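Residue numbers (our numbering), protein chains in the order written: chain A, 8 to 284; chain B, 8 to 284.
So the structure is just underneath, and the comments pick up after that.
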DNA sequence: TCGGCGATAATGTATGTACATAAACTTTCG
DNA sequence: CGAAAGTTTATGTACATACATTATCGCCGA
């Protein structure tokens, strides 16, 4: 074995390790703190080791790190394995790679903080409360007739829905939705007496992409009445447009009372937590 | 050559293709629509082909797809290449893999919508406006003395900052920040006359993780005065706690006027857009 | 019938080898 | 001296091979 590499699994010895001299116990002047920890697959150990150097600030942003061949002999594994580890770290945004030039620590990714947006039904259910919804209005018309969905050609048939979501009987979210009937014609026959529109759509048209905009607005008198708050109460407004194969599927406006609903999430570098350092 | 595989690059022929019989022009009854398109690396072509089947609904959620050996001969590439493509799609959340059982289309990931949260300075700059900030208050004290940072032991030295951010001279965001002096002692000597605290911290302590909470609140009279709006105006409140190697670094409250600031982002399945289908 | 247990089929990891590709560097030539 | 052409170096992709790891399936016996 190579000393520090690969314990924890069955750990039978394979052929001959790569370059590394047969029996270097302490490795000249190289940073031994970069040693592997024997937990899990080799490429994961290397990911952890490298990410650790970065997180601990030993390898600073912009700095160039050893090339694959050097890392390979440093860690005593093949270049393939190093390549896999480094390529994954690059894909996760820790590193930037340029041919011939080398591999560099990415200049930090300040813009990658992210906030997950969940379905209201899931949120309510997870809080252990009773979730209900009620359809307040539903009509079928063509785009441009009274309502205009900007990203859709005029005349396209659409279904409009308005509904309210409740948590333990208290209204917490108002929803106004447009659905593209060209994409999901079956929706016309769905009564939405059991399953909520958002859920129905997600089950029907999976794997879509979406745009979001989140803003804070003061409740209008009408909305305030529906949500059971005073006019002017701060509300979170979420606009979501969902696309499937570059065709708009649905456009929704959610409005939720500020102190009954919030977006939250521990985030960023979910990969870093995966690395558990 | 294998017919459909790999054009667009230089496309010299390598050794001998894998299993596939030498000269099957149209492949029995197999879905030929799964054909590769010759754009980019083979494993990317396979990713696109497979993701396409899923997005077009030909392979439905929960359904099992052919094993690596089958895909390998279906597409006329080695198992390694198929493995790389499929493993990446799994890592991106499209597929779920279980040893011995096989590979399955993931049951859609409704909860993965995500919003990026950016630094206000970047946002203002990108809109082509002039960004400025002003420190309104700054003091150094110990946790528990007047202010309590819940995730930090009492007595820990902290720096408190209060500042305002401007876009073209209009105040758009208020910031109240606590900084853990045990982690970043140098901050005590930083005047913040040029670089804003958030930027300074990001440059100093990169690669951290963070928790966020976003809510809508009505502006208090004091805040309204600072932001130049009427009391009660709906504001977006963002709370962010940043950690580095599981130690809290900074805790911030941002407050921004609802109609001067919004969070937005096209999101989810950024991998799907990368696949450009 | 049920429990255990072994065969088996799928994915997962690691290495070797060979070239391709891109960009930085060097040399050459006008 | 500067642009073009060639060289070198680091990463990128592909394939072959070999073995590890795990559920699942099915058999067999109590």
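The C-beta atom is built at its ideal place from N, Cα and C for all residues, glycine as well.
As the structure is a prediction and not an experimental result, all values here were calculated from the model.
How far does the beta strand (DSSP E) with residue 192 of chain B in it extend, from its first residue to its last?
Counting along the chain, residue 192 of chain B falls outside any beta strand (DSSP E), and DSSP gives it neither H nor E.
Locate the beta strand (DSSP E) running through residue 157 of chain B, then write down its first and last residues.
Here residue 157 of chain B belongs to no beta strand (DSSP E), and DSSP marks it neither H nor E.
Environment of residue 75 of chain A [buried if 16+ CB atoms lie within 10 Å]:
buried
Beta-carbon proximity check, residue 271 of chain A vs residue 220 of chain B, cutoff 8 angstroms:
yes
Could you say which of B/141, B/166, B/142 and B/143 lies nearest to residue 2 of chain B if we only look at CA atoms?
Since the displayed chain B opens at 8 and closes at 284, residue 2 of chain B lies outside it and no answer follows.
Distance between residue 263 of chain A and residue 208 of chain B (C-alpha atoms, nearest Å)
33 angstroms
Can you pull the chain A neighbours of residue 231 of chain B, defined as C-beta to C-beta under 9 angstroms?
Here the premise fails: no neighbours, minimum Cβ distance about 12 angstroms.
Flag residue 222 of chain B as yes if its beta-carbon sits less than 8 angstroms from any beta-carbon of chain A, otherwise no.
yes
By DSSP's criteria, residue 186 of chain A is part of a beta bridge. Which residues make up the other side?
A/166 and A/257
Could you check what DSSP says for residue 28 of chain A in three-state terms: helix, strand or coil?
Low local confidence applies: a pLDDT of 32 at residue 28 of chain A is under 50, so the model's placement there is unreliable, and no value is given.
Nearest by alpha-carbon distance to residue 138 of chain B: which of B/67, B/71, B/174 and B/122 is it?
B/174
Could you confirm whether any beta carbon from chain B is found closer than 8 angstroms to the beta carbon of residue 121 of chain A?
yes
Test: residue 177 of chain A CB closer than 8 angstroms to a CB of chain B
no
Nearest-angstrom Cα separation, counted from residue 234 of chain A out to residue 257 of chain A:
23 angstroms
Chain-ordered neighbours of residue 219 of chain A on chain B, where CB pairs are closer than 7 angstroms
120, 122, 271, 272 and 274
Three Cβ pairs or more, each shorter than 8 angstroms: is that satisfied between the segment 183-197 of chain B and the segment 226-244 of chain A?
no
Give the residues from the segment 200-217 of chain A that approach chain B closer than 7 angstroms (Cβ to any Cβ), ordered along the chain.
209, 213, 214, 216 and 217
Buried or exposed by the 16-neighbour rule on C-beta atoms within 10 Å, applied to residue 108 of chain B
exposed
Among residues of its own chain, excluding the 5 on either side of residue 90 of chain A, which ones have a beta-carbon nearer than 7 angstroms to its beta-carbon?
75
At what residues does the beta strand (DSSP E) containing residue 144 of chain B begin and finish?
138-149
Rounded to the nearest angstrom, what separates residue 244 of chain A and residue 171 of chain A at their Cα positions?
14 angstroms
Run through DSSP, which three-state label would residue 115 of chain B get?
coil
CB residue 70 of chain A to CB residue 112 of chain A, shorter than 8 angstroms?
yes
Contact criterion: CB-CB distance below 8 angstroms. Does residue 225 of chain B meet it with respect to chain A?
yes
Status (buried if at least 16 other CB within 10 Å, exposed otherwise) for residue 217 of chain B
buried
Considering residue 98 of chain B, what are the terminal residues of the alpha helix (DSSP H) in which it resides?
86-98
Is residue 242 of chain A close to chain B? Criterion is C-beta to C-beta, closer than 8 angstroms.
yes
Using a cut-off of 9 angstroms between C-beta atoms, extract the partners of residue 68 of chain B located in chain A.
210, 213 and 214
Output, in chain order, the set of chain A residues within a Cβ distance shorter than 8 angstroms of residue 115 of chain B.
209, 210, 213 and 214
Nearest-angstrom beta carbon gap, residue 58 of chain A and residue 43 of chain A [assumed within contact, 8 angstroms]:
With a Cβ gap of about 13 angstroms, residue 43 of chain A and residue 58 of chain A do not count as contacting.
Could you tell me which chain A residues have their CB closer than 7 angstroms to the CB of residue 265 of chain B, listed as they occur along the chain?
222, 223 and 224
Shortest alpha-carbon distance to residue 131 of chain A belongs to which of A/73, A/177 and A/184?
A/177
How far does the alpha helix (DSSP H) with residue 50 of chain A in it extend, from its first residue to its last?
49-62
Check whether residue 127 of chain B and residue 168 of chain B have beta carbons under 8 angstroms apart
no
Could you spell out where the alpha helix (DSSP H) holding residue 79 of chain A opens and where it closes?
75-82
Give me the subset of the segment 242-259 of chain B whose CB atoms are less than 7 angstroms from a CB atom of chain A, sorted by chain position.
242, 243 and 252
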